[in-house]
Amino acid sequence: MHDQQDSDGPGQDSQTFYNKLITSVPGILYTFWASADGSKQRFPYVSQRVNDWFGLEPEALQKSADGLFGIVHPDDLAGILESIQTSALDLTVWKHCARLKLTSGEYQWFEGYSVPERLSDGSILWYGQFHNIQQYKELEQTLRESEAEHSYQAAFQKLIADLSKEFINLHFGTIDECINELLKKIGQFFGVDRAYLFSFLDNYQYMTSTHEWVRPGSPPQIGSQQNVYIGGYPWWQEQIIGMVNDDKVVFVPDASVLPDLATGDRELLMRRGVCSMFVVPVKVRGRVTGFFGVDSLRQRRWREDQGDLLIVVSGLLSGVLERHNLEQKLLSQSIRDPLTGLHNRRYLMPRLYEMLGRAARNQETFAVAMFDIDHFKQINDSLGHLAGDYVLTEIAGILEQQTRGMDVVARFGGEEFVVAYSLEQSDDVGRMVARILQAVRDHNFRYESFPIEVTVSAGIAAVTDLPKIPSSPDPVIGKADRYLYLAKQAGRDCFVDASGTYRI
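Mapping the sequence shown onto the UniProt record's numbering, position 247 (from 1) lands on 247, and the numbers just tick up by one.
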């Protein structure tokens, strides 16, 4: 029995035994030899699995290692050769990862490990193995991508939180600067070339660019995107309908292959250098009032959730614009007379201070005309206060029609109105005031079928009428008020200035 056991053991057929043992190893066992000068390299021994995985014959590799180096990924070859040289020089353990081409043509990651030994002739012999680590690389890549995605989402959330905080602390009158800053930060975060905000006009017939950020070196477009007629671009008109009715996100992955309907749109985008773009609607109080978009001037790969991220930005912009509209409404209410719609004294006084400043710095001149409705109390007493309100609103309309955009028209209080005229050398303020008096006299005032005869009196004071430019508007207003009083004393329906009384 003892002899029979010896005959069945590894000693009887050691080659068969070691071949079976090697096949149980998950990787490839090998010895790798390099000549002393490094010019020759071969595998004195390599297990049969090298043929199964890579289609390489062990016998061929015993003569030259070129076959195995030939299946190394081109990007990894230099690193392998350098690591072998380092191991040979220092006689340190060789350990390296690289991609090798399988018989299927696919590259997969392998890791090699071997211990070097210097032979008597100066050559080096390594003893080791290499095995497939593709699954570990894929897991590593998945974890890396997961970590990168987590970092990206965290960075985006922080960006939105920071921008939200900035808008919460937004100072009055700084909305344009804050929107421009938002476009810049969003544009840089997403790595685009342009970020912009458009508003719709005339029931979605026109659109105009209100804000724009461009990457340095990219041409700005805001100047050429004012009051653009949308009807000239039928494909884009369809996209706007989708945004307005269905909150649609518009994604153009390649502007050069837009459909035939979009010929004009394609030409426009190509002229602007746009390769791809994303556009999302912007709402104010539930209504789409414009859109926010980003352009790329080069081919790029967008995130699958890019539209969702831009919708978050659009929501932030919507909130900001809604707040701005509310602030503008409150501002308008605070500086406008609720009955006539004219500016009030709260608005007038800062404008007069500005005029005084320009007069002091640049010798610009201006005049203040104060108007008062003649016998206004009689109108109220005979026809009622509603009739008086009617006359006030009609007078306000005449003042707006008979003045220029550069003039400031305000209801000063009661039945008194003020017009502050910015004057050029050729301007005749007396003639302009006379036109207003004539327009009031000719106007058909009729309240509930009752005709009302209305005239006004005026006093005119120019800043040049004063000995010196005052520090406040009070002296100019005071002099205009004094001249108005003189016009009343002179019989009404006339105006008085520094030269005297004038009737129409």
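The beta-carbon is built from N, C-alpha and C at its ideal position, and this holds for glycine as well.
Being a predicted model, the structure only gives us computed values, none of them experimental.
Secondary structure at I124: strand, using DSSP grouped into helix, strand and coil.
A residue is called buried when at least 16 other Cβ atoms come within 10 angstroms of its Cβ; F54 meets this threshold and is buried.
Relative to D474, the option among G70, Q85 and A367 whose CA is nearest is A367.
Counting of Cβ neighbours within 10 angstroms places Y353 among the exposed residues, the total staying below 16. The three-state secondary structure of D295, taken from DSSP, is strand. According to DSSP, residue pairing for A461 in a beta bridge involves V368. Collapsing the DSSP output to three states places T210 in a strand. The stretch 179-250 is shown to contain whole alpha helix (DSSP H) runs of 4 or more residues at 234-246, in chain order. Between L258 and W213, the C-beta spacing is not below 8 Å. Taken through DSSP and simplified to helix, strand or coil, A255 comes out as helix. L386 and N380 have their C-alpha atoms spaced approximately 8 Å apart. Out of V418, R194, A60 and G112, the CA that lies nearest to the CA of G79 is found in G112. A Cβ-Cβ separation of about 5 Å places V456 in contact with V440 under the 8 Å criterion. The stretch 425-441 and the stretch 464-478 do not touch, with fewer than three beta-carbon pairs separated by less than 8 Å. DSSP places V408 in the strand class (E or B) of the three-state scheme. Cα atoms of A60 and L143: separation of roughly 40 Å, rounded to the nearest angstrom.
Rounded to the nearest whole angstrom, the C-alpha separation of G231 and Y206 is 8 Å. CA-CA distance, R351 to I398, rounds to 21 Å.
D442 and C178 have their C-alpha atoms spaced approximately 50 Å apart. The alpha helix (DSSP H) runs of length 4 or more contained entirely in the stretch 93-168 are, from start to end of the chain, 134-168. Apart from the 5 residues on each side of it in sequence, L310 sits with its Cβ closer than 6 Å to the Cβ of F278 and V280 in its chain, given in chain order. Under DSSP, A34 takes part in a beta bridge, and its partners are Q41 and I124. Shortest Cα-Cα distance from G413 to any of I133, D481 and E166 involves D481. Straight-line measurement puts the Cα of R303 at about 19 Å from the Cα of G315. By the 16-neighbour rule on beta-carbons within 10 angstroms, Y152 is exposed.
Cα atoms of D374 and R336: separation of roughly 23 Å, rounded to the nearest angstrom. I71 sits buried, since 16 or more C-beta atoms from the chains shown fall within 10 Å of its C-beta.
Leaving aside the five residues that flank L102 on each side, the residues in its chain whose CB is nearer than 8 Å to its CB run, in chain order, W53, F54 and Q108. CA-to-CA, the gap between S422 and G341 works out to about 21 Å. Beta-bridge partners assigned by DSSP to T501: V496.
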